[in-house]
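**Student:**
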Amino acid sequence: DVIIAHELCYQLFVLGDKLTAFEFIGRHNDNKYKGYEGHLLFKNINNQDVYYILKAESGSECLWKINSIESNECVPFMFAKYVTIVSNLPEHAQEIEEREYAEVNDKPIPDKTKTTASFSGLANSSYGADLIGCLRMDVDDLGKLFSTKIKDKDFDLATLSYISRELNYFFKIVLSDICKGPVEIVGGKNKIITDLISKGYEERGGRYVSIVYSGGDDLFILGAWDETAELAFDIQKCFDSYFTRIMAKIDTSIRLTISAGLTLHKDKYPLYQIAKHSKEAEEEAKSFKYNLEAKAQKNKICLFYSPSYKYKNNELNIIAANNIRANQKDNHDKFVYALNWNEDKMFKIMNILISLCEKQVDKIVINNISRALVYKLFSLAETWWYKNSLYVPHLYYTIERLGKISQNGTENKAELIHQLRDLIIMLPLSEHEHNAIKYFKIPLTWFDLLLRNKGE
């Protein structure tokens, strides 16, 4: 019962769980709140102690109501508070949470409905590999846009205030709705939801993710790796729809875009390192340049990023530049690890691969297909990237073998395999043709992670 921790550290730890479900923030100057678990203590302008608690009680100096815009009695306070709690996790992940909590605290979890899911719980709630996905997203060139429009006197303070308020509303309020499941696209008839293996986010009440930070023009989210990856695409679609409507009222020539970086980690990996790597991935999404582009175009996502991608890409670009100077043929864009949001071939490839599988409790399986055959597809992408060549007969043989093993006598699967082959590479080859072999490793990585066992 003895807690050895700095007072502020302890209060922040308690606040962490209280932040999963609260409606008010109250400010008090009564010393009785000094012993209140989950408070923050600050000095006011008169150097007196004031206490902030997540509760509405009489006698408060000020009371803020969370995400309530229409409130006459309280000050509205927007807060992106979507988190996954232990009781919402699948049963096998809850068992892991309970076991790990007991090992650390020598007692069971007091209330699973109020306890935030740990990295371990989130990782084990994913399909396939037990990994954490870390998503960072940031609006492209927002500061540059504002400063330019102010300088040119195109925007007044009222316009800036309106855009800022809408950005804050999206990243604080709308984002939580996107995490919960399908949302209706502005001006559209269909709801947006990316759910590759039909987990049923709407039925279960949301994705297994937690918002660490969201506000202004950026966000930082952690969660089950597969659900975090799918979430990124839904956020972009909603963002594009939302701000197309907003900017149509102000300046139709302006289109706000957003870039994202997503990295994968083991659940015991330090959070500060996770944040560092995912921020680098986000920066790569903004700076990645196709060889034929004069300037890097933002509005991309860098999926499953590893620093080795950047180093290898720089090396290959130098080789490509030298080949072109020497009048040698060189295939451009061999090594693509940041995708345009509208690159739909990736999901077409994913849907074909997943259609060859069966869904189990926490992973998918390919009937009668060796994982070695999947790795042969990886080797084809590696050959294209690193050796600037593709042995087409090898590709055709591997794809046809995949089809013969998986189809089980059905013409439908055989047709899907042919579609996969044509998506990866189209014949005859042309020097600058953009085809999916250039980023084939990205959907393959996604697919391979879905096939893995926990702990693999």
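Residues 16 to 471 in this note's numbering are what the sequence shown lists, from first letter to last.
No residue lacks a Cβ here, since even glycine has one placed at the ideal position from N, Cα and C.
Among 24, 48 and 458, which has the Cα closest to the Cα of residue 362?
**Tutor:** Within the sequence shown, numbered from 1, the residue matching residue 362 stands at position 347. The residue with the shortest Cα to Cα distance from residue 362 is 458.
**Student:** Residues bridged to residue 275 by DSSP?
**Tutor:** On the sequence shown, position 260 is the one that residue 275 refers to. Per DSSP, 152 and 316.
**Student:** Compare the C-alpha of residue 438 against each of 409, 359 and 380 and name the closest.
**Tutor:** What you label residue 438 is simply residue 423 of the sequence shown in a count that begins at 1. For residue 438, the closest of 409, 359 and 380 by C-alpha to C-alpha distance is 359.
**Student:** How long is the line joining the alpha carbons of residue 424 and residue 246, rounded to whole angstroms?
**Tutor:** If you number the sequence shown from 1, residue 424 lands on position 409. If you number the sequence shown from 1, residue 246 lands on position 231. Confidence is the limiting factor: at residue 424 the pLDDT is only 47, short of 50, which leaves the residue's position unreliable, though a coordinate-based value still follows. For residue 424 and residue 246, the distance between alpha carbons rounds to 36 Å.
**Student:** Assuming the contact rule is C-beta atoms closer than 8 Å, residue 274 and residue 315 should be a hit. Round their C-beta distance to whole Å, please.
**Tutor:** In the sequence shown, counting from the first residue as 1, residue 274 sits at position 259. In the sequence shown, counting from the first residue as 1, residue 315 sits at position 300. Going by Cβ atoms, the distance from residue 274 to residue 315 rounds to 6 Å, so yes, they are a contact pair.
**Student:** Looking at the structure shown, is residue 379 part of a helix, part of a strand, or coil, going by DSSP?
**Tutor:** Locating residue 379 in the sequence shown gives position 364, where the first residue counts as 1. Strand.
**Student:** What does the alpha-carbon distance come out to for the pair residue 331 and residue 290?
**Tutor:** What you label residue 331 is simply residue 316 of the sequence shown in a count that begins at 1. What you label residue 290 is simply residue 275 of the sequence shown in a count that begins at 1. Taking the straight line from one Cα to the other gives about 28 Å.
**Student:** Whole angstroms is fine: what's the gap from residue 252's alpha carbon to residue 216's?
**Tutor:** The residue given as residue 252 occupies position 237 in the sequence shown. The residue given as residue 216 occupies position 201 in the sequence shown. The straight-line gap separating the alpha-carbon atoms of residue 252 and residue 216 is approximately 17 Å.
**Student:** Based on the DSSP output, what are the partners of residue 41 in its beta bridges?
**Tutor:** On the sequence shown, residue 41 is found 26 positions in, with the first residue counted as 1. Looking at the DSSP assignment, residue 41 forms a beta bridge with 68 and 78.
**Student:** Just to confirm the assignment, what range does the beta strand (DSSP E) spanning residue 228 have?
**Tutor:** Within the sequence shown, the letter at position 213 stands for residue 228. For residue 228, the uninterrupted beta strand (DSSP E) run begins and ends at 224 to 230, by DSSP.
**Student:** Are the region 139 to 157 and the region 233 to 242 touching by the rule of at least three beta carbon pairs closer than 8 Å?
**Tutor:** yes
**Student:** Leaving out five residues before and five after residue 96 in sequence, what residues of the same chain have Cβ atoms less than 6 Å from its Cβ?
**Tutor:** Numbered from its first residue, the sequence shown carries residue 96 at position 81. If we look at residue 96 and ignore the five residues flanking it on each side, it has no Cβ neighbours.
**Student:** Would you list, in sequence order, the uninterrupted beta strand (DSSP E) runs of no fewer than 3 residues that lie entirely inside the region 154 to 222?
**Tutor:** The qualifying runs do not exist here; there are none.
**Student:** For residue 212 and residue 468, what's the separation of their Cα atoms in angstroms?
**Tutor:** Sequence index remark: in the sequence shown, residue 212 carries index 197 (1-based). Sequence index remark: in the sequence shown, residue 468 carries index 453 (1-based). So the alpha carbons of these two residues sit roughly 16 Å apart.
**Student:** How many Å lie between residue 447 and residue 254 at the Cα?
**Tutor:** In the sequence shown, the residue the question calls residue 447 occupies position 432. In the sequence shown, the residue the question calls residue 254 occupies position 239. Because residue 447 carries a pLDDT of 48, less than 50, the predicted location of this residue cannot be relied on, and no value is offered for it.
**Student:** Within this structure, are the beta carbons of residue 455 and residue 396 separated by less than 7 Å?
**Tutor:** For the purposes of this step, residue 455 is taken as residue 440 along the sequence shown, with counting starting at 1. For the purposes of this step, residue 396 is taken as residue 381 along the sequence shown, with counting starting at 1. Yes; because the gap between Cβ atoms is below 7 Å, this pair is in contact.
**Student:** Relative to the C-alpha of residue 266, which residue among 30, 60 and 161 is closest?
**Tutor:** As a position in the sequence shown, residue 266 is number 251, starting the count at 1. The candidate whose alpha carbon is nearest that of residue 266 is 161.
**Student:** Evaluate residue 249 with the Cβ neighbour count: other Cβ atoms within 10 Å of its Cβ, from every protein chain shown; 16 or more gives buried, anything less gives exposed.
**Tutor:** For the purposes of this step, residue 249 is identified with residue 234 of the sequence shown, where counting begins at 1. Buried, by the Cβ-count rule.
**Student:** Using DSSP bridges, identify the partner residues of residue 58.
**Tutor:** Indexing the sequence shown from 1 puts residue 58 at position 43. DSSP, once it has assigned bridges, lists 64 as partnering residue 58.
**Student:** What is the rounded straight-line gap between the Cα of residue 299 and the Cα of residue 153?
**Tutor:** Taking the sequence shown and counting its residues from 1, one reaches residue 299 at position 284. Taking the sequence shown and counting its residues from 1, one reaches residue 153 at position 138. If I take the Cα positions, the gap works out to 12 Å.
**Student:** With DSSP collapsed to three states, give me the class of residue 373.
**Tutor:** Along the sequence shown, one-based indexing puts residue 373 at 358. Residue 373: strand per DSSP, three-state reduction.
**Student:** Return helix, strand or coil for residue 233, following the three-state DSSP convention.
**Tutor:** As a working note, residue 233 is residue 218 in the sequence shown. The answer is strand: DSSP assigns residue 233 an E or B state.
**Student:** Would residue 324 and residue 352 be called neighbours here (beta carbons separated by less than 7 Å)?
**Tutor:** Counted from its first residue, the sequence shown places residue 324 at position 309. Counted from its first residue, the sequence shown places residue 352 at position 337. In this structure, residue 352 lies closer than 7 Å to residue 324 by Cβ.
**Student:** So which of 82, 134 and 192 has the shortest CA-CA distance to residue 100?
**Tutor:** Your numbering for residue 100 matches position 85 in the sequence shown. When only C-alpha atoms are compared, the closest one is 134.
**Student:** What three-state label does DSSP hand residue 464 in the structure shown?
**Tutor:** In the sequence shown, counting from the first residue as 1, residue 464 sits at position 449. It is helical.
**Student:** Just to confirm the assignment, what range does the beta strand (DSSP E) spanning residue 90 have?
**Tutor:** To locate residue 90, count along the sequence shown from 1; it is residue 75. From DSSP, the beta strand (DSSP E) with residue 90 extends over 90 to 92.
**Student:** With distances taken from CA atoms, which of 342, 85, 356 and 105 is nearest residue 220?
**Tutor:** Here residue 220 refers to the residue found at position 205 of the sequence shown. If we check each option's Cα against that of residue 220, 105 comes out closest.
**Student:** Closer than 7 Å by C-beta to residue 40: which residues in its own chain qualify, once you throw out the five before and the five after it? Chain order, please.
**Tutor:** For the purposes of this step, residue 40 is taken as the residue at position 25 of the sequence shown. Around residue 40: 67, 69, 79 and 92.
**Student:** Here's a check: name, in chain order, each residue in its chain whose Cβ is nearer than 7 Å to the Cβ of residue 463, leaving out the five neighbours to either side.
**Tutor:** In the sequence shown, the residue the question calls residue 463 occupies position 448. Taken in chain order, the residues that qualify are 389.
**Student:** Which same chain residues, not among the five before or five after residue 30, have their C-beta less than 6 Å away from its C-beta?
**Tutor:** Within the sequence shown, numbered from 1, the residue matching residue 30 stands at position 15. 53, listed in sequence order.
**Student:** So for residue 395, helix, strand or coil by DSSP?
**Tutor:** By one-based count along the sequence shown, residue 395 stands at place 380. Here residue 395 sits in helix by DSSP.
**Student:** Give the straight-line distance between the Cα atoms of residue 26 and residue 55, rounded to the nearest whole angstrom.
**Tutor:** Counted from its first residue, the sequence shown places residue 26 at position 11. Counted from its first residue, the sequence shown places residue 55 at position 40. Approximately 7 Å, taken between the alpha carbons.
**Student:** How would you call residue 277, buried or exposed, if buried means at least 16 neighbouring beta carbons within 10 angstroms?
**Tutor:** To locate residue 277, count along the sequence shown from 1; it is residue 262. Around the CB of residue 277, 16 or more other CB atoms lie within 10 Å, so the residue is classed as buried.
**Student:** Residues in the same chain with beta-carbon distance under 6 Å from residue 465, minus the five sequence neighbours each way, listed in chain order, please.
**Tutor:** Counting from one through the sequence shown, the residue named residue 465 turns up at place 450. Closer than 6 Å at the Cβ level, and outside the excluded window around residue 465, lie 142, 143 and 379.
**Student:** Under a three-way DSSP split, which group does residue 132 fall into?
**Tutor:** If you number the sequence shown from 1, residue 132 lands on position 117. Looking at residue 132 - three-state DSSP - the assignment turns out to be coil, as it is neither helix nor strand.
**Student:** Tell me, which residues are paired with residue 280 by DSSP?
**Tutor:** Counted from its first residue, the sequence shown places residue 280 at position 265. Paired residues: 147.
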